[in-house]
Ligand SMILES: [Zn+2]
Ligand SMILES: [Zn+2]
């Protein structure tokens, strides 16, 4: 068979670009760095949104919608924040044919505008915690862009919460990290992630602490999959988010913010994709079972319709492809590119034998299965393949993670994967040295792999090249 | 009881403004004309999105995401389109600290950018119909704004489709009007709508025909709830959306576009709201049954929890309010403002009598119900109240609709409601005359109330003041 994609080990970035184009996931937009997410790519994002939104709502957080445009003066109220974001802003200067009195920027993130409204809405301790989230588009100017991974405009959720105490805000930041992000990434995306603390250097502009989920891609590089920021009282001070406590006194709130974006689609592709295309974890896949009529023939359409209905009835997301006027081989290649977990092939010959062929995307295995067992076989395969993808990604990461004892070795190891080093053997100086070779500290964890509340003695740093 | 809102018949616009603020639905944004949709308002929009999205997907349409920013040159390719939208644009001139080579505008709508991509993706007749939709924010400069109804930024869905033939495009435009929009508005929003054809004057900039759903608000004015545009070959010509037909020849496609927006939330408020607040139709309501612990007492919490679980088990969206530290009266007023269809009140006295009180928002009726019958009573009331709201709105519209025979009478009748007049007794001249009094032709229908395919003899025009 002619190769469809540039092989991963020949040129990984090229493989990624080929896959995004040929699986019809996304296209470049007409304006620099913007993207068009095509239906196949967007269906993946919609499934992510569903799963993440459920988990966010489980925490008691409510969705809302804040404006796209933010006055420049808002951004300036938090000194570190403006320093971090001002250079990336897209600026609107005219509207309705006239120049605006004050230029406004397209939100690069919404801490400032939401801070302004939190200050209005929070009066008493009874109004806390105030737990808000929005699904929105944001824009940041980028010199080099890559579809899904780094684009001027991206889609994301941004959570913003206000709390009465440090403890409550801190606990919530970590709850989001664990129960929303890491849980979703591991259980739905089948991507093993390292949850940890960012170093001061990698912290969100204006945060006290940033917590992160980091994953290894199939080229050994790291991708930051999502972050949860403990903002302390920085934004509460800048926006005057005060409340009357049960003690009758005024207090400043403590805030958090946290987000994941369409970048996750890029992470998913690079964590599981192979030389034939995408491999979607069954729990996420918009189409779990892709039922293909190989050729028309006596009874084929009826049997296919029956199988489709039976699969639907047990909750399998099934799509029937009966486009027999398109060569079967082309459709099969396309199904592999798009990464549907299970393909069911049914034609006159199969039907005569009372069977259908089940093809598993995870390993390419093909098994003829008696028609009456197809539903059970599909359900079993979906469960097994969810686990198989996770295990494969975990094994891959473990094989490419080495413990090192100095920064030089860390940089070397980062050529192919992750390097673990005691943080006190690296430190901010080692971090700066590594950065010169394009290697960064992805996160700090306790020696047992748990997430520290703050920098504390004995932490282990994971270094890698990163997207 | 002190009045909570300005009464509708005292000052309707003021009533609306009070309600949006006190029910915590939305706030003005920091930039002129933008809005903040608060969680209570956003939950209503989320339910709308769910229901509309299901109906859109039923038509075979797939969701995608196109860029926020559109090059000015795109807008200019369709002459009528640019004339209609250029004066409303918000323009981005700088990014990353530098001036852009070409100014770009924040999309006021996406026909142009989507047209550009359709031209890339459509090659052969096999690629048609191409059925796309996106949920997105758009911006149009507005001088006078009102939350939900007319805002500079709003949230919406915009569908864009390309077809091989006039007939197919035409049928799809009407399918969206009937099966997606009118069906949703009548069955979920409980708002009776007139589906009809817009006059040339009210047509979308660049369309062949615009079809619309129009509803009467409780002040007798009309609100355009959603539109479906037949774009003919205008955009296909401007963007060169061609396909190779099964006849081996090149053809121009036929396109459509259609949208509904957060304006629907405003329409819902004004179609059903009363002097105590919002009245949400049960099928839409994010909270269908609002279960209130009146006071704490022996067994109250347990019984409430049991009721809540039983209601959930039969699929009722229930919320338990056990904030007994807030005065009951205040919570009840708030529940009325927010329009939850059913309130269930439970306190020690009710419990002692083995009952709970069911309060129906639609008519304010209060009925003590034995505890074991609460679930059935709630389910029955939800169904009955969905119908009651629709019937009330329909009766209201019928009472305020009069048949007239000249434009002068139409303008007079439009002071309180809708005027129906044979279109040949009004015509474009009558339309211009009426417009001078702020009265517009909302739609043209056949005499039997059905939707004409085009202007044809014997149509009836409905005139009204409009939002
Ligand atoms: Zn902790
Ligand atoms: Zn027709």
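Protein chains in written order, with this note's numbering: chain A, 1 to 467; chain B, 1 to 467.
Built from N, CA and C at the ideal position, the CB exists for glycine as well.
Shorter than 8 Å from the beta carbon of residue i to some beta carbon of chain A?
i, result
"residue 37 (chain B)", "yes"
"residue 246 (chain B)", "no"
"residue 148 (chain B)", "no"
"residue 208 (chain B)", "no"
"residue 62 (chain B)", "yes"
CB residue i to CB residue j, shorter than 8 Å?
i, j, result
"residue 470 (chain B)", "residue 346 (chain B)", "Beyond the ends of chain B as shown, which are 1 and 467, falls residue 470 (chain B); an answer cannot be given."
"residue 230 (chain B)", "residue 170 (chain B)", "yes"
"residue 100 (chain A)", "residue 92 (chain A)", "yes"
"residue 291 (chain B)", "residue 321 (chain B)", "yes"
"residue 254 (chain B)", "residue 227 (chain B)", "no"
"residue 23 (chain B)", "residue 40 (chain B)", "yes"
"residue 465 (chain A)", "residue 441 (chain A)", "no"
"residue 37 (chain B)", "residue 45 (chain B)", "yes"
"residue 415 (chain A)", "residue 404 (chain A)", "no"
"residue 263 (chain A)", "residue 149 (chain A)", "yes"
"residue 378 (chain A)", "residue 316 (chain A)", "yes"
"residue 215 (chain B)", "residue 271 (chain B)", "yes"
"residue 381 (chain A)", "residue 358 (chain A)", "yes"
"residue 417 (chain A)", "residue 220 (chain A)", "yes"
Can you pull the chain B residues whose beta carbon is under 7 Å from the beta carbon of residue i, in chain order?
i, result
"residue 97 (chain A)", "87"
"residue 141 (chain A)", "95, 96"
Among all the DSSP beta bridges, which residues are the ones paired with residue i?
i, result
"residue 398 (chain B)", "For residue 398 (chain B), which the question treats as bridged, DSSP gives no partner whatsoever."
"residue 137 (chain A)", "A:155"
"residue 243 (chain A)", "A:251"
"residue 445 (chain A)", "A:460"
"residue 98 (chain B)", "B:95"
"residue 290 (chain B)", "B:319, B:343"
"residue 420 (chain A)", "A:403, A:462"
"residue 366 (chain B)", "B:359"
"residue 27 (chain B)", "B:36"
"residue 163 (chain A)", "A:254"
"residue 65 (chain A)", "B:37"
"residue 237 (chain B)", "The partner list for residue 237 (chain B) (beta bridge, DSSP) is empty, contrary to what the question assumes."
"residue 90 (chain A)", "B:95"
"residue 222 (chain B)", "B:216, B:466"
Spatial neighbours of residue i within its chain, please: C-beta separation below 8 Å, excluding the five flanking residues on both sides.
i, result
"residue 64 (chain A)", "132, 133, 134"
"residue 85 (chain A)", "75, 108, 109, 140, 205"
"residue 182 (chain B)", "193, 195, 213"
"residue 306 (chain B)", "none"
"residue 241 (chain A)", "115, 118, 119, 122, 162, 235, 252, 253, 255"
"residue 59 (chain B)", "131, 172, 175, 176, 179, 180"
Give every residue of the same chain whose Cβ lies closer than 7 Å to the Cβ of residue i, excluding the five residues on either side of it in the sequence, and list them in chain order.
i, result
"residue 189 (chain B)", "268, 281, 284"
"residue 43 (chain A)", "286"
Quick check: is the beta carbon of residue i nearer than 8 Å to any beta carbon in chain B?
i, result
"residue 153 (chain A)", "yes"
"residue 90 (chain A)", "yes"
"residue 31 (chain A)", "yes"
"residue 65 (chain A)", "yes"
"residue 336 (chain A)", "no"
"residue 243 (chain A)", "no"
"residue 128 (chain A)", "no"
"residue 42 (chain A)", "yes"
"residue 113 (chain A)", "yes"
"residue 137 (chain A)", "yes"
Near residue i, which residues of its chain fall below 6 Å by C-beta distance, leaving aside the five closest residues on each side in sequence?
i, result
"residue 125 (chain B)", "164, 243, 245, 246"
"residue 18 (chain B)", "5, 6"
"residue 198 (chain B)", "210, 212"
"residue 407 (chain A)", "426, 430, 433, 434"
With respect to 7 Å, is the separation between the Cβ of residue i and the closest non-hydrogen atom of ligand 3 below this value?
i, result
"residue 345 (chain B)", "Summarising the ligand content, the structure contains ligand 1 and ligand 2 and does not contain ligand 3."
In chain B, which residues lie less than 8 Å from residue i when you measure between Cβ atoms?
i, result
"residue 27 (chain A)", "117, 120"
"residue 74 (chain A)", "30"
"residue 34 (chain A)", "67, 68, 69"
Under 7 Å Cβ-Cβ, which residues of chain A neighbour residue i?
i, result
"residue 416 (chain B)", "The premise fails here: residue 416 (chain B) is roughly 34 Å from chain A at the closest Cβ pair, so nothing lies under 7 Å."
"residue 71 (chain B)", "30, 31"
"residue 234 (chain B)", "The premise fails here: residue 234 (chain B) is roughly 20 Å from chain A at the closest Cβ pair, so nothing lies under 7 Å."
Mind pulling the chain A residues with CB within less than 8 Å of residue i?
i, result
"residue 333 (chain B)", "The premise fails here: residue 333 (chain B) is roughly 17 Å from chain A at the closest Cβ pair, so nothing lies under 8 Å."
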